[in-house]
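**Q**
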Amino acid sequence: MRTLSSKLFLSLTALFLVLHSLQINAATIVGNGDDGSDLEGSVPVTNGPIYEARAKALSLLQRLNVVGIPTLGTLIPEVAHSGLYLAKKDVNSALAADHGHSDLRGQVFARTFARPHASTRFFPVAEKLDEAQLVALHIHEGLHRALPADVNEDESIVAAIALAITAPEATYDQVLKTVQTVIPKKVLRKLETGRDEDSEEWRYSNVGTTFRQFFNTSNAATFPIYRMQTVHSHIYPFGGIKTPVGFGIEFSAIQGEGNVIRSGPLGLSARMRILNKKGFEIGLLGNASLNTLSNEELKNSPYGRDVFTLGLSTRKNFDRFFVENVISVSAPGESRRTLGEGIEYKYSYGAIADVKIRAGTRLGLFDFGGYLQMHLADYHRLEGGAFSFDSGRYQIFSGGPEVGFRLEPVTLTLNSRFLISSTKDANLDFLGNLMGAGVSQGSVGLTATVAF
Amino acid sequence: MRYVFLCGVLFLVGCGPLTDTAHEEPKSYTEEYSLEAVKLISPSISRGEEGAPNSPTSYELGSERRLLMRYEKLRDHVDKIDVRDKKVVVLEVTLVDPATRNIAIASLRLCPLLKNWMMLATWKNAHPYETWSTPGADYDESECVRADLVRSTGAKLQFDITRWFVNYPKGRSTNYGFTLIASGPVRLVGTKSGSNSPRMQFDKLLEKKYYYSR
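Heads up: the sequence lines are chains A and B, in that order.
Letter 249 of the first sequence, counting from 1, is numbered 249 in our numbering, and no numbers are missing.
Position in the second sequence (from 1) plus 1000 gives the number in our numbering.
#1: Is it true that the CB of L446/A sits closer than 9 Å to the CB of G438/A?
#2: By alpha-carbon positions, which one of D319/A, S421/A and S93/A ends up nearest to M374/A?
#3: For R1002/B, count the other beta carbons within 10 Å of its own beta carbon; 16 or more makes it buried, fewer makes it exposed. Which is it?
#4: When the Cβ atoms of the region 179-194 of chain A are set against those of the region 410-425 of chain A, are three or more pairs found closer than 8 Å?
#5: V539/A and R362/A: beta carbons closer than 9 Å?
#6: Do A386/A and N1116/B have their beta-carbon atoms positioned less than 9 Å apart in this structure?
#7: For a contact meaning CB atoms closer than 8 Å, what does S1055/B contact in chain A?
#8: If you run the structure through DSSP and keep just helix, strand and coil, what is S1107/B?
#9: Taking beta-carbon pairs under 8 Å, can you tell me which members of the region 1132-1162 of chain B lie near chain A?
#10: Using a Cβ cut-off of 9 Å (strictly closer), state whether L285/A contacts chain C.
#11: Can we say the region 1056-1069 of chain B touches the region 376-394 of chain A, given the rule of at least three CB pairs closer than 8 Å?
#12: Should the region 1134-1147 of chain B be called in touch with the region 1101-1112 of chain B, which here means at least 3 C-beta pairs below 8 Å?
#13: Just the Cα atoms here: how many angstroms apart are T243/A and L61/A?
#14: Is it right to say D367/A is buried, meaning 16 or more other beta carbons lie within 10 angstroms of its own, or is it exposed?
#15: Taking N1116/B as the query, report the chain A residues whose CB atoms sit under 7 Å from its CB, ordered along the chain.
#16: Taking C-beta pairs closer than 9 Å, name the residues in chain A that V1038/B reaches, listed in chain order.
#17: With three or more C-beta pairs closer than 8 Å as the rule, is the region 273-287 of chain A touching the region 307-317 of chain A?
#18: Going by DSSP, which residues form a beta bridge with L1149/B?
#19: In whole angstroms, what separates the C-alpha of L188/A from that of D319/A?
#20: State yes or no: is the beta carbon of Y236/A nearer than 9 Å to at least one beta carbon in chain B?
#21: Answer yes or no: do T475/A and S252/A have a C-beta to C-beta separation smaller than 9 Å?
#22: Going straight from the alpha carbon of W1132/B to that of T1179/B, what length do you get?
#23: Note down, in chain order, every chain B residue with its Cβ under 7 Å from the Cβ of E257/A.
#24: What's the C-alpha gap between T46/A and Y172/A?
#25: So, for L1205/B: in the same chain, excluding its five sequence neighbours on each side, which residues have a beta-carbon less than 8 Å away from its beta-carbon?
#26: Since V135/A is in the alpha helix (DSSP H), which residue starts that stretch and which ends it?
#27: Name the two residues that bound the continuous beta strand (DSSP E) containing L376/A.
#28: With a cut-off of 8 Å, do at least 3 Cβ pairs link the region 1157-1170 of chain B to the region 1032-1051 of chain B?
#29: Say whether the region 67-75 of chain A touches the region 105-114 of chain A, bearing in mind that this needs 3 or more beta-carbon pairs closer than 8 Å, one atom from each stretch.
#30: According to DSSP, is D34/A part of a helix, a strand, or is it coil?
#31: Quick check: is the beta carbon of K316/A nearer than 9 Å to any beta carbon in chain B?
#32: Just checking: is the beta-carbon of Y1071/B within a distance shorter than 9 Å of some beta-carbon in chain A?
#33: What did DSSP end up calling D1140/B once you bin it into helix, strand or coil?
#34: Bridge partners for N287/A per DSSP, in chain order?
#35: Report yes or no: is there a C-beta of chain A within less than 9 Å of the C-beta of Y1176/B?
#36: Would you please verify whether the beta carbon of Y345/A is less than 9 Å from any beta carbon of chain B?
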């Protein structure tokens, strides 16, 4: 009986001790359910291996001149001036941010907040690390505070850069290459330009050239234009980072019957982004396509008119995808042409409203997308002598694919326009906007742009 | 008695004109206008601008070479054109070579067009936005006329288009003009000529004016 009681007592005691020890190592439930991982209790570190390792880390960073590497400009001051604290007891990695900061048993070496000027808290297990490991730890924690907010909590990025810095015989170029590889380009660009990721239309000023081949040109009865070449320059010198304002100029040359090249319309444009927030961009645009009067035939043609257009664009950017809506209105106009024995024909173009939807995605260096556009016009009239023609209100529905290849700063874009349907047997000639929608049944074009 | 007669004459003269002009038939005079719209069409002419050079010296017609012709300002005269008492409206063309007169008379037919057209017309298109239903122009075969042998003299060939004028411009307010069709080669003077270019002739009513004396 006594033996049994003794054994029972010992068993219960052992069980009690086991349970107790488990409870010690278990998370302490405090208040509303916090796991107690914040109850670290720490004292400032003013000497010892951890303190001395910081000097070594600074020496390494200065030798590598990391201040000259994009995104690492504040790494040295963050390491140098961060408050160092040593916790009284170890903690297990319970926070998501602890990954990469703990040993195989899950005990955390150090913690910091991913924001500038935060302190670094070391845990007792860190004192068992050697000098090289402590140097790496200082640099690792410093990177969490120094890197841009977009990436400073990404452990894979932080670890890759820390590894590059602390690798044997590390060099400036190696660290730079690692930064350029692991940090997303949009983050680097943002650092470079000070702007959020912008769509191409607003990001850079650019110059370029476009070649357009019109197809199914009706040479039987119109002023046939088969192809057009333009050179453009769009510059955004005004406005702020969020609201760039710029101007554009576009020269054109057209080729008609007999392969004769003539000067085409002159394009003047103004653009202004009025909103760039949460991935949305809204812009205003105005365009004037002016008859250059440089050639009698173009002046004396259906297209010898000035076209004035105002528009509003709205665009939503995702990581690899965008959607854009454009609404614009073109003013009415007319042009005249004399044929036969002094018969003057007047081409009248009514006001035109057009809506356009574009969408696209990026895969590697390529952009794939397309658009649909509808032109709704008041009328197209042709009158002269005893002849008159009035289309009345008509609409033209067109669209086409767009494929781009981007190797910055150069972009090549293949675009097209196909007349999908129309009322009143209308074609693009009805619009009388050579530099806009073009003519005939559509076109295929190639644009090369250099951004700066 | 003489004095009574003389007073009666003076009385009548003082009251107004001796003759009652209210019942006088209005007079007319002949006017002639050169056609502004003359367009050569052919299957070999594909562009609208071709076949409409400024003031050609001549037109070469053939089995597949036709002229489209119209007097553009006819509507300004429609209400005043006199077709009473066998007065006629005439379209006149001039041959380059008078010796070909007989061949031309036998070859040429002037046919009223049924669709509006402009100076960019081609064999296939009446204008930039519409095609002919039949290539070579849509015309009324039953109303085609040949040159009037009585009116045509020398190199000038005249076609009586009075019926067309009454049925179309006057009756329906439409003026689509004509197509001149040749079954063989015929050469006509072009619009460059001041006096021999294709033209239209008609009699135009004189405007009445009344004078009152006191």
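Glycine is no exception: its CB is placed at the ideal position from the N, C-alpha and C atoms.
All values derive from a computational prediction rather than experimental measurement.
**A** According to the structure shown:
#1: no
#2: Selected option, being the one with the closest Cα: S421/A.
#3: exposed
#4: no
#5: The structure shown does not extend to residue 539/A, since chain A is modelled only from 1 through 452, so no value can be given for it.
#6: Against a cut-off of 9 Å, the Cβ pair of A386/A and N1116/B comes out as a contact.
#7: E341
#8: helix
#9: none
#10: Reference to chain C is not applicable here, since the protein chains of this structure are A and B.
#11: no
#12: yes
#13: 38 Å
#14: buried
#15: F387
#16: Ordered by position in chain A, the residues that pass the 9 Å Cβ test against V1038/B are G340 and E341.
#17: yes
#18: Per DSSP, none; premise fails for L1149/B.
#19: One C-alpha to the other measures close to 15 Å.
#20: no
#21: Only positions 1 to 452 of chain A appear in the structure, and residue 475/A is not among them; the question remains open.
#22: Between the alpha carbons of W1132/B and T1179/B lies a gap of roughly 13 Å.
#23: Within chain B, the residues whose beta carbon sits less than 7 Å from that of E257/A are R1047, listed in sequence order.
#24: 30 Å
#25: P1026, K1027, S1028, K1080, I1081 and D1082
#26: E131 to A146
#27: F366 to A377
#28: no
#29: For the pair of segments examined, the region 67-75 of chain A was found not to touch the region 105-114 of chain A: the number of CB pairs separated by less than 8 Å stays below three.
#30: Only weak support is given to the placement of D34/A: the predicted model assigns it a pLDDT of 41, under 50, and the value that follows is read from those uncertain coordinates. Note: D34/A maps to strand in three-state DSSP.
#31: no
#32: yes
#33: Coil, per DSSP.
#34: S269/A and T309/A
#35: yes
#36: yes
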